[in-house]
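A.B. asks: Letter by letter, the sequence shown follows residues 52 to 389 in this note's numbering. Glycine is no exception: its CB is placed at the ideal position from the N, C-alpha and C atoms.
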Amino acid sequence: MPLSQARRIMPGLAICLLVAGAAYVVERIQHTLLGSGFLEALVFAIIIGIIVRTVFSDRASWKPGISFSSKTLLEIAIVLLGASISIATIMNAGAILIISVVAIVILSIYGSFAISRLLGLPSRLAVLIACGNSICGNSAIVAVAPIIEADSDEVASALAFTAVLGIAAVLLLPLLYFYAGLGAAQYGALAGLTVYAVPQVLAAAAPAGLVAVQTGTIIKLLRVLMLGPVIFTLGILRGREARRAGKKLSIFSLVPWFIIGFVLVVIIRSCGFIPPDAVQALLTASSALTVVAMAGLGLSVNVRTVASAGGRVILASSISLLLLVVVSYFVVISALHT
Numbered sequence: 052m053p054l055s056q057a058r059r060i061m062p063g064l065a066i067c068l069l070v071a072g073a074a075y076v077v078e079r080i081q082h083t084l085l086g087s088g089f090l091e092a093l094v095f096a097i098i099i100g101i102i103v104r105t106v107f108s109d110r111a112s113w114k115p116g117i118s119f120s121s122k123t124l125l126e127i128a129i130v131l132l133g134a135s136i137s138i139a140t141i142m143n144a145g146a147i148l149i150i151s152v153v154a155i156v157i158l159s160i161y162g163s164f165a166i167s168r169l170l171g172l173p174s175r176l177a178v179l180i181a182c183g184n185s186i187c188g189n190s191a192i193v194a195v196a197p198i199i200e201a202d203s204d205e206v207a208s209a210l211a212f213t214a215v216l217g218i219a220a221v222l223l224l225p226l227l228y229f230y231a232g233l234g235a236a237q238y239g240a241l242a243g244l245t246v247y248a249v250p251q252v253l254a255a256a257a258p259a260g261l262v263a264v265q266t267g268t269i270i271k272l273l274r275v276l277m278l279g280p281v282i283f284t285l286g287i288l289r290g291r292e293a294r295r296a297g298k299k300l301s302i303f304s305l306v307p308w309f310i311i312g313f314v315l316v317v318i319i320r321s322c323g324f325i326p327p328d329a330v331q332a333l334l335t336a337s338s339a340l341t342v343v344a345m346a347g348l349g350l351s352v353n354v355r356t357v358a359s360a361g362g363r364v365i366l367a368s369s370i371s372l373l374l375l376v377v378v379s380y381f382v383v384i385s386a387l388h389t
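(1) Do the CB positions of A219 and A242 come within less than 9 Å of each other?
(2) Of all the CB atoms in chain C, is at least one closer than 9 Å to the CB of V152?
(3) Using only alpha-carbon positions, find the residue among I370, S385, G349, A367 that is nearest to T105.
(4) Would you kindly report the start and end of the unbroken alpha helix (DSSP H) that includes Y230?
(5) Quick check on this structure: which residue in W113, F119, A134 has the alpha carbon closest to the alpha carbon of L333?
(6) In angstroms, rounded to a whole number, what distance separates the CA positions of I370 and V364?
(7) Judging by CA-CA distance, which residue of T266, A211, A96 is the nearest neighbour of L68?
(8) C187: buried (16+ other C-beta within 10 angstroms of its C-beta) or exposed?
(9) Applying the criterion that 16 or more other CB atoms from any shown protein chain within 10 Å of the CB defines a buried residue, is T341 buried or exposed?
(10) Restricting to Cα atoms, I'd like to know which of G267, Y230, T213, R289 is closest to I198.
(11) Looking only at its chain, what residues have a beta carbon closer than 7 Å to the beta carbon of I192, apart from the 5 residues adjacent to it on each side?
(12) Less than 9 Å between the C-beta atoms of T266 and A236, yes or no?
(13) Tell me, please, whether the stretch 321 to 329 touches the stretch 144 to 155 by the rule of three or more beta-carbon pairs shorter than 8 Å.
(14) For V395, which of L233, R274, A259 has the nearest alpha-carbon?
(15) Determine the burial state of L233: buried for a count of at least 16 other Cβ atoms within 10 Å of its Cβ, exposed for fewer.
(16) Going by the beta-carbon positions, is the gap between S159 and L374 smaller than 9 Å?
(17) By the three-class DSSP mapping on this structure, what secondary structure does A65 have?
(18) Taking all protein chains shown into account, decide if R15 is buried (16 or more other Cβ within 10 angstroms of its Cβ) or exposed.
(19) Indicate whether L253 and V264 have their beta-carbon atoms separated by less than 9 Å.
(20) State the DSSP-derived secondary structure class of S5, mapped to helix, strand or coil.
(21) If I166 sits next to L244, beta carbons under 8 Å apart, how far is it from one beta carbon to the other, in whole angstroms?
(22) List the whole-angstrom C-beta distance separating G116 from G72, where the pair is believed to meet the contact cut-off of C-beta under 8 Å.
(23) What separation, rounded to the nearest whole angstrom, lies between the Cα atoms of V94 and S190?
(24) Please state the DSSP three-state secondary structure of G323.
(25) What did DSSP end up calling A111 once you bin it into helix, strand or coil?
(26) Assign E91 to one of three DSSP states: helix, strand, or coil.
(27) Measuring from the CB of M61, is there a heavy atom of the ligand GDP at a distance below 8 Å?
(28) Cβ atoms of V195 and I309: under 9 Å apart, would you say?
(29) Helix, strand or coil for A346 per DSSP?
(30) What distance in whole Å lies between the Cβ atoms of V103 and V70, which are believed to be in contact at a cut-off of 8 Å?
(31) Compute the Euclidean distance between the alpha carbons of I157 and L224, then round it to the nearest angstrom.
(32) Let me confirm a value: Q251 is counted as buried when at least 16 other C-beta atoms fall within 10 Å, else exposed. Which label applies?
(33) Curious, which full-length beta strand (DSSP E) runs of at least 3 residues does the stretch 168 to 245 contain?
(34) Buried or exposed for I99, please, with buried defined as at least 16 other CB atoms from any protein chain shown within 10 angstroms of its CB.
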């Protein structure tokens with residue numbers, strides 16, 4: 052990077068780093084006071100970033116660094132996220148379980164997208180909600196956003212309301228275990244198929260015991276593995292749309308560089324070339340870069356735009372999550388015995 056460009060991005064990057072640091076502090080306070088982490092640092096980074104932008108308005112000197120953080124750092128984070136996926140995990144799960152998870156994710160994506168569009172949401176926001184609900188919440192949203200070229204307001208809207216629903220799912224889903232006659236393995240599978248983040252799956256499955264936690268974790272990891280094929284497919288579809296519009300495209304236009312990097316890291320991890328300790332370090336770096344990127348996202352959000360879409364977004368997300376729970380429930384009771 053040229054020195055002149057580095058100087059241009061430093062003010063905005065510094066602000067993003069400060070916001071990200073504040074987000075981690077708030078997350079730690081949350082753990083201390085509540086004994087658990089209901090909201091991740093990346094959500095706090097968006098919230099704090101929005102507050103900072105509202106207080107200090109839109110400063111021109113910050114823009115290059117904010118753009119660098121929310122785009123380039125996020126793309127690097129997505130590449131590193133590939134270290135969380137191993138092809139061996141897929142192969143060891145068994146064909147029936149894999150087919151069930153794939154089918155539910157695909158059905159949920161299509162159903163969530165259709166619901167969002169029927170409620171009048173823009174197509175890019177509908178895709179974010181669909182992928183967030185169907186795959187892995189926040190991680191899916193931030194991974195898909197640059198591929199479909201979603202703007203900061205759309206990403207902030209999807210993340211904000213998905214975070215709220217994630218907490219609601221953790222608190223309410225155990226009621227199905229206590230009152231719907233599900234066995235521990237069935238309930239764990241249901242949690243793995245419907246709850247957004249891995250820590251949230253652990254929290255939701257815990258009331259049913261160790262079997263539920265283990266089952267939920269395995270199925271959740273299979274669901275997360277769908278992120279790779281989904282972002283790759285979206286990249287191909289985006290490239291086809293551009294070609295139909297008459298644009299000349301290279302391979303990196305058809306499939307963005309960070310998707311290729313993501314796939315390469317998955318292959319390298321699956322071949323055993325990344326030691327376990329290095330895997331954890333890469334995932335920690337990916338998480339940290341994502342938080343900084345979300346700080347940049349929050350610093351570029353227009354509060355009025357997000358608020359205007361709030362009602363429809365929360366309704367679309369809620370209906371989509373309910374659809375996922377209902378479909379998963381019937382699959383679980385049909386496929387797994389108590």
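C.D. replies: Let me spell this out:
(1) No.
(2) Reference to chain C is not applicable here, since this structure consists of a single protein chain.
(3) G349
(4) 225 to 230
(5) A134
(6) The straight-line gap from Cα to Cα measures roughly 10 Å.
(7) Minimum Cα distance to L68 is reached at A96.
(8) buried
(9) In this structure T341 is buried. Its beta-carbon is surrounded by 16 or more other beta-carbon atoms within 10 angstroms.
(10) R289
(11) L179, C182, G183, V206, A209, L210, T213
(12) yes
(13) no
(14) What is shown of the chain runs 52 to 389, which leaves residue 395 out entirely.
(15) By the 10 Å Cβ count, L233 comes out buried.
(16) yes
(17) The answer is helix: DSSP assigns A65 an H, G or I state.
(18) This structure cannot settle anything about residue 15, because the visible part of the chain is limited to 52 through 389.
(19) yes
(20) Absent from the structure is residue 5, since the part of the chain shown begins at 52 and ends at 389.
(21) With 8 Å as the limit, I166 and L244 do not qualify as a contact, their Cβ atoms being about 18 Å apart.
(22) Contact doesn't hold; Cβ gap of about 15 Å is too wide.
(23) 11 Å
(24) coil
(25) helix
(26) coil
(27) This structure lacks the ligand GDP, and indeed carries no ligand of any kind.
(28) It is Phe, not Ile, that sits at residue 309 in the sequence shown. Not a contact, by the Cβ cut-off of 9 Å.
(29) helix
(30) 6 Å
(31) Approximately 22 Å between the Cα atoms of the pair.
(32) It counts as buried.
(33) Those beta strand (DSSP E) runs which fall completely within the stretch 168 to 245 and span 3+ residues do not exist here.
(34) Its Cβ being crowded by 16 or more others within 10 Å, I99 is buried.
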